[in-house]
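Take the working numbering: the final residue in the sequence shown is number 1596, and no numbers are missing along the way.
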Amino acid sequence: MNDAFAPFPGGLFHRSGVPDEILEPAPLVRDWEIQVLVVAREASARSIVSEILSEEGFRTIEDEDGRFVSALLETTFSNPQSFPFHLVVLESQLSRRNGLDLCQRLRLQKIFVPILILNDRDRQGDRILGLERGADVCLSQPFDSRELVALCRSLLRRFLGYWSQFSVLQFESVKLDTWEHRVWVRDREITLSPQEFRLLGLLMRHPGRVWTREELLDRVWKSNVHRSTKTVDVHISQLRKKIEPDPKNPKYIQTIPGRGYQFG
């Protein structure tokens, strides 16, 4: 994707103790990936949200009890649009600070990325306070994972709408919508697993590029401890069965002997 479409131009922030690789202004947008900050008091809560969103292809950064975002807010922003996240998922009640106050601080510093507040079901008053302090939507815990994903996608679709027109990739009779997570082959919609979808999307975004199995593992499966190069071969085989007119003689996903795979 051309850098002109990236919604967060600017340079690095610099603050002692905050990793620069996290503070880069949302570079993964160029690869159609969304960077989400998950702020919660308990590791288990952060892990649940992160796992759900990671399965949908989002990159998540976990923030224990709001310490990272608080440190980030103490930085003087020369450009608030350089905030390095596209979405913040924030618990209303943290251990050492108030999540609703953090929400308000984000807005006061003119950071207008979508904020989704997670409130305890027995603290319904937090829903109203959260909206009053700048949250876009509130979701009670425990929640349905499908509702969380749907809300996040809805918020991001509106926020990043000005470049969502570039979300549809098409090569001959194969069409992929990166926002709706839908794929059509010869005008017929097909169903892909999250890994198959990410793999096909990556290949279609770079037609003609040869990818090694190791590169595909790093980009599609990331830190999955159970991954292996055979995983790539299995998923390529599954994709060919779903999109190729003749899977035994593929025209879209080509094997480059001794190197890897390419699309087109």
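A virtual CB, placed ideally from N, CA and C, is assigned to each residue, including glycine.
- In the DSSP secondary-structure assignment, Phe1503 is bridged to Val1506.
- Across the structure, Asp1509 and Val1500 are spaced so that their CA atoms are roughly 4 angstroms apart.
- If you check the CB distance, Leu1440 and Ala1467 do not come in under 9 angstroms.
- Residue environment: His1538 is assigned as exposed (fewer than 16 neighbouring CB atoms within 10 Å of its CB, all protein chains considered).
- For Val1506 against Ile1588, the beta-carbon gap comes to about 19 angstroms, at or over 8 angstroms, which does not count as contact.
- Checking the DSSP bridge columns, you'll see Thr1392 partnered with Val1368.
- Ile1522 sits in a strand when the DSSP states are folded into three classes.
- Closest by C-alpha distance to Phe1475, out of Trp1553, Glu1423 and Val1566, is Glu1423.
- Between Leu1480 and Leu1471 the beta-carbon gap is near 6 angstroms, inside 8 angstroms, which marks them as a contact.
- The beta carbons of Thr1544 and Gly1592 sit about 4 angstroms from each other, so the pair counts as a contact at 8 angstroms.
- For Glu1521, same chain residues with a beta-carbon under 8 angstroms away, outside a window of 5 residues either side, are Arg1514 and Val1515 in chain order.
- Counting C-beta atoms within 10 angstroms of its own C-beta, Ala1372 has 16 or more neighbours from the protein chains shown and is therefore classed as buried.
- For Ser1382, there is no enclosing beta strand (DSSP E); the residue is found in the alpha helix (DSSP H) stretching over Ala1375 to Glu1387.
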